[in-house]
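Chains as they are written, first to last, in our numbering: chain V, 16 to 504; chain Z, 9 to 406.
The beta-carbon is built from N, C-alpha and C at its ideal position, and this holds for glycine as well.
For clarity, every value in this text was computed on a predicted model and none was experimentally measured.
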C-alpha cells in the first residue's frame, strides 16, 4: 500500500479528507509526522460560531437579584414577549447560517481533527431543538470540549439548555418525574442499552429533578423542584444529585467501553474488533476519559492502517460534501444548495433524525440517495438543472401560516434549481503541472479514491473532456467523484 | 465546465433489455390483457403534518365538539352525513360516495401508548412500527420488502412516489425505490457513464460492491418500472396536481404486470396551527379530485377489488381549537380503508370520546400496529409477526 494512501486514510478518518494544499506532500511525509501535525493544528480554543444573540439576556442586563428580576418581568411582559417572538422568528434563518458556518469550518479549518470529533459528538449528543441560540451554545460546548475530557463534555452537554429542553428535563419535577433525560443519559450518552435497570432510570430521574435553565443565564438548579430524598442507584445509596449520578456513571467502566466502541465504529470500522476496543477502553478509562489519549492510540497504531480498515467506510452526506470542497475550492451559487443536498441525502446538521443520532453506514444508501450522490459533483460542476421536491419538515415549519409556507416552498424550488457552483480550478491544476499527460489519470485517481481497485482509465476517459490539459484534469476529477468508489473512504 | 458525453457502445453492456427483466419475472412475461384478479395491492396515502381527524370525520351531534371549536367546527348541515352522529368533511365527496357504496371503512381513535407530539418522532414511530420508547432504523414496509425480496434482483415490491425515500420503506437488506415518475429515474440511471462503471467493476471489496449492487439494482429496477409503466399507461384524465400525477403513475403500474405490491405516497402539510379551514380544505380537494379519478380508473379496469387504499397521519390534533383558528398537535386519529374488497364497511368502531381526554387529547383505542398486522397478514399474505417483531391481533374488516 502506498504511503499516499495511508496518509489519505488518516486525513479522511481524522478529518474531512485531504485538502488541496496537502495533496502534493502526501507521497513523502510519514504518517506519524502527519498525525503529529494534525494534533498540533487541533490545539487551542475554537472560535465560537455566532449566529443568534440572546435577546433576553440583553434585555435583562444589569438587573440584580431575584426580586428585582421578578419585578422587571412583571412590568415588562410585552417587551419580553416581543423579544421572544423575534428570536423565534429569526431562528430558522439563524440555524441555516449556523449550518453554513460550521460546514465552512469543516472545509477550511486547519483544526480538522477537532471539527471531525465535534461532528462525531454532534451525532452522539443528538439534539433537535429549534432555538438557534440554544443550538449555537451547544455546538460551542461540543467544539470546546471535543478533544478534552469526556466527563467534562458530558457534564457541560447535560447542563446545556438545548439538551435539557430536548429531553424534557424542564418537566422533570419532584412531584411528577419525567424519566426521558435520565434514560437517555444512560442509554445513549454513557452506558448503552442493557447496562442499567428501570429502577436506575427512576432513581436517576429523581436525582435530576431541579436541573433546569432560564433564558437569562442558562443552567439553573431549582431547589424547590428537586427531590432531595435518598436514592438507590447502581448499587449505591445516598441523597444523590444529578452531578452525583453523572459521577457514578463515569465510574462505570462500561461507559468507557461504550464510548470507545462507538468511536471505533465511527472512525475506524463499523464492526468493532473486541480485542482492540478492550485495550483502548482500558487506556481510556485509566486516563480519566482523556479524548486525546484514545484518539492517539487509534491514529498512531499500526492496525489502523490494516487492509480491512481501509477504503470501506461510507462517507456521511456531510463528509461527502465537505470532502469535495476540500479537494476543489467551490463557491456555491446559492449557499442553500448544500442544505438542500443535506436534506435529500439524509443528514441535515442540527436536525438529527431522533435522539439516537444518524445510524450511519449502509443506512446512508438507498437507490434515490445513491443516484443523487453520483450526480452531485456533476450537478455542481455543469450547472445542470436539478429539480427535486423536498419533503417538508413539519417540526421546522411548525406554526407557519399557509402563506408563509408557500413562500418558503417557492424559495426551496428556487434553491433546487440553483444547485450549481463555481469551481476554482486554477490552484487544482497547479497540483498537476509536473505530471505527464500519460500519468494524469492514475495520479488523480490515486488522490481521490481509497478503494483497492479503481475504475480504469479506459472506462472513464470516454466521458472526459480532452479538449485541453486543464479540461482533462477538471473533468476527470468530476467524473471520479461521481463514482461509487468515491462514496467510501 | 463541460463534460462531453460519448455514445457508449452498448454491446455486452448491462443495457440489453432482456437482461433487465428480473429473473423471477420471467415466469410472468407480459401477457395480453389484464393482470389476473387476486393480485392484491396496497396503496398507502400519508397525510403529513398531523391531519385534524375531528374535522375529517365530524361528530355532528356531539356538543363538546362544537363547544371546543367555536370558530372552526364544521356545521352539521355542511358535513356529508354518514350516520346519525358522524359526517364527513365537505371536500371529501368521493369518500361519501364510497361510503354509500360500501367501499369505505373508517377506524376511529387509532394511535399508540405514550404518544409523542413531535412530527418527526411520531412519524418515525408510525414508519418503523415501534413503541414510542423504541428506536428502529428500519420501516415496516422495508421489512416487508426484506421478506418479499430474499433472493430477488430488483426490490420493486414496494415503491414510493417521491424524490426522497422515507424510513418506512427502508429494510435491513432491501430498500424500496423512490421515484417521482418512472421516466425521471430511468433517465438518470440509464446514463451510459454509470452503466460503463458497473460493467467494468470487479467485485472484490465488500462496501464498494454493495454500492455497485445498489447502483445496478437501481438501473435495472428503473428500466423495469419504466417499461412496465409503458405497458398499459392509464388513459384516464387525472388532475395535474402532485397527488393527481402520483396516483396516475400508480394506476399505470397497477394496470401493468409489475410485481409491486405496495405503493406509498404523501400529501401535506396538514400542520394547521393557523387558519385551519383553508389549508385542510385545499389539501382534501386535491386528494378528493385525484382519488375520484383513481377509483374510477381502477373500477373500469376491474382492479378495484384487489386494491386497498389506506390513509393515516402521524397524529391527530387537539380537541380544543387554539387562538389562531387552528389546532395544535394531538394524538389519536382516524384511518380510512378504501377498496372493493372490504369485508366490513362503514364506521368500524365508536367515534372518539370527547369527554375522557388525556391533557386535552384523545385517548387511543386501537394500536396502529394492529392495523399494519391486518394489512400484512390478511391483505398481503405476509408474515406479520416477523415483520412487526411481535404478534398483534388483527381486525376483521378484510
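Buried versus exposed, by CB contacts within 10 Å (16 or more), residue i
i                     : result
residue 45 (chain V)  : exposed
residue 266 (chain V) : exposed
residue 238 (chain Z) : exposed
residue 100 (chain V) : exposed
residue 40 (chain V)  : exposed
residue 132 (chain Z) : buried
residue 242 (chain Z) : buried
residue 102 (chain V) : buried
residue 457 (chain V) : exposed
residue 410 (chain Z) : Lying outside 9 to 406, the shown extent of chain Z, residue 410 (chain Z) is not represented and no answer is given.
residue 493 (chain V) : buried
residue 387 (chain Z) : buried
Pair within 9 Å by beta-carbon distance, residue i and residue j
i                     : j                     : result
residue 240 (chain V) : residue 246 (chain V) : no
residue 140 (chain Z) : residue 154 (chain Z) : no
residue 378 (chain V) : residue 440 (chain V) : no
residue 94 (chain Z)  : residue 67 (chain Z)  : yes
residue 55 (chain V)  : residue 110 (chain V) : no
residue 367 (chain Z) : residue 381 (chain Z) : no
residue 495 (chain V) : residue 477 (chain V) : no
residue 72 (chain Z)  : residue 363 (chain Z) : yes
residue 135 (chain V) : residue 273 (chain V) : no
residue 60 (chain Z)  : residue 373 (chain Z) : no
residue 233 (chain Z) : residue 266 (chain Z) : yes
Residue i in three-state terms, based on DSSP
i                     : result
residue 82 (chain Z)  : coil
residue 185 (chain Z) : strand
residue 432 (chain V) : Confidence at residue 432 (chain V) is low in this model, with a pLDDT of 46, below 50, so the placement of that residue is unreliable and no value is reported for it.
residue 93 (chain Z)  : coil
residue 134 (chain Z) : helix
residue 226 (chain V) : strand
residue 279 (chain V) : helix
residue 346 (chain V) : strand
residue 174 (chain V) : coil
residue 272 (chain Z) : strand
residue 16 (chain V)  : coil
residue 118 (chain Z) : strand
residue 370 (chain V) : coil
residue 49 (chain Z)  : strand
residue 289 (chain V) : helix
Closer than 9 Å to chain Z by CB, residue i
i                     : result
residue 385 (chain V) : yes
residue 382 (chain V) : yes
residue 352 (chain V) : no
residue 446 (chain V) : no
residue 129 (chain V) : no
residue 192 (chain V) : no
residue 369 (chain V) : yes
residue 315 (chain V) : no
residue 162 (chain V) : no
residue 329 (chain V) : yes
Assumed close pair residue i, residue j - CB separation to whole angstroms, cut-off 8 Å
i                     : j                     : result
residue 264 (chain V) : residue 205 (chain V) : 5 Å
residue 164 (chain V) : residue 305 (chain V) : 6 Å
residue 499 (chain V) : residue 172 (chain Z) : No, residue 499 (chain V) and residue 172 (chain Z) are not in contact; Cβ-Cβ is about 20 Å, not under 8 Å.
residue 259 (chain Z) : residue 320 (chain Z) : No, residue 259 (chain Z) and residue 320 (chain Z) are not in contact; Cβ-Cβ is about 21 Å, not under 8 Å.
residue 185 (chain Z) : residue 135 (chain Z) : That pair is no contact at about 16 Å.
residue 342 (chain V) : residue 32 (chain V)  : 7 Å
residue 323 (chain Z) : residue 335 (chain Z) : Contact flag wrong, Cβ pair sits at about 11 Å.
residue 369 (chain Z) : residue 58 (chain Z)  : Wrong, their Cβ atoms sit about 12 Å apart, outside the cutoff.
residue 227 (chain V) : residue 216 (chain V) : Not really, about 19 Å apart at Cβ, beyond 8 Å.
Within-9 Å CB hit, residue i to chain V
i                     : result
residue 34 (chain Z)  : Unreliable placement is indicated for residue 34 (chain Z), whose pLDDT of 31 sits below 50; no coordinate value is reported for it.
residue 196 (chain Z) : yes
residue 178 (chain Z) : yes
residue 223 (chain Z) : yes
residue 398 (chain Z) : no
residue 220 (chain Z) : yes
residue 143 (chain Z) : yes
residue 292 (chain Z) : no
residue 207 (chain Z) : yes
residue 212 (chain Z) : yes
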